[in-house]
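Asks:
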Amino acid sequence: MPIGVLLLGFIIQGSSEELLFRGWLMQLIASRHGLWIAVVANSVLFALAHAGNIEPSNELYVPA
Numbered sequence: 029m030p031i032g033v034l035l036l037g038f039i040i041q042g043s044s045e046e047l048l049f050r051g052w053l054m055q056l057i058a059s060r061h062g063l064w065i066a067v068v069a070n071s072v073l074f075a076l077a078h079a080g081n082i083e084p085s086n087e088l089y090v091p092a
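Residue numbers (the numbering used here): 29 to 92.
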């Protein structure tokens, strides 16, 4: 896979996650339940969303 495509994918994926978890979800929970509950709930949901990422992808390894 070309490095440019890989980097673009990382940028799009990371930006999308930040907008979803911190931009939308955290604001929604905070407006209804307060900031501390929003921070804890957002952290738990973010961890659960990444629970399946136990093994790193082979694309992340760069031979020396």
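C-beta: ideal position from N, C-alpha, C; glycine also.
Return the first residue and the last residue of the alpha helix (DSSP H) that I82 is part of.
Replies: The count along the sequence shown starts at 1 and reaches residue 82 at position 54. That residue, I82, is in no alpha helix (DSSP H); it is neither H nor E in DSSP.
Asks: Cβ atoms of I57 and A69: under 8 Å apart, would you say?
Replies: Residue numbering aside, residue 69 sits at position 41 when the sequence shown is read from its first letter. Residue numbering aside, residue 57 sits at position 29 when the sequence shown is read from its first letter. Closer than 8 Å, so yes.
Asks: By a C-beta neighbour count over all protein chains shown, 10 Å radius and 16 as the cutoff for buried, is M29 buried or exposed?
Replies: Translated into the one-based positions of the sequence shown, residue 29 becomes position 1. It counts as exposed.
Asks: Compute the Euclidean distance between the alpha carbons of L63 and L47, then round it to the nearest angstrom.
Replies: Within the sequence shown, the letter at position 35 stands for residue 63. Within the sequence shown, the letter at position 19 stands for residue 47. Distance between the alpha carbons of L63 and L47 is about 17 Å.
Asks: According to DSSP, is M29 helix, strand or coil?
Replies: Taking the first residue of the sequence shown as 1, we reach residue 29 at position 1. In the three-state scheme derived from DSSP, where H, G and I count as helix and E and B as strand, M29 is classed as coil.
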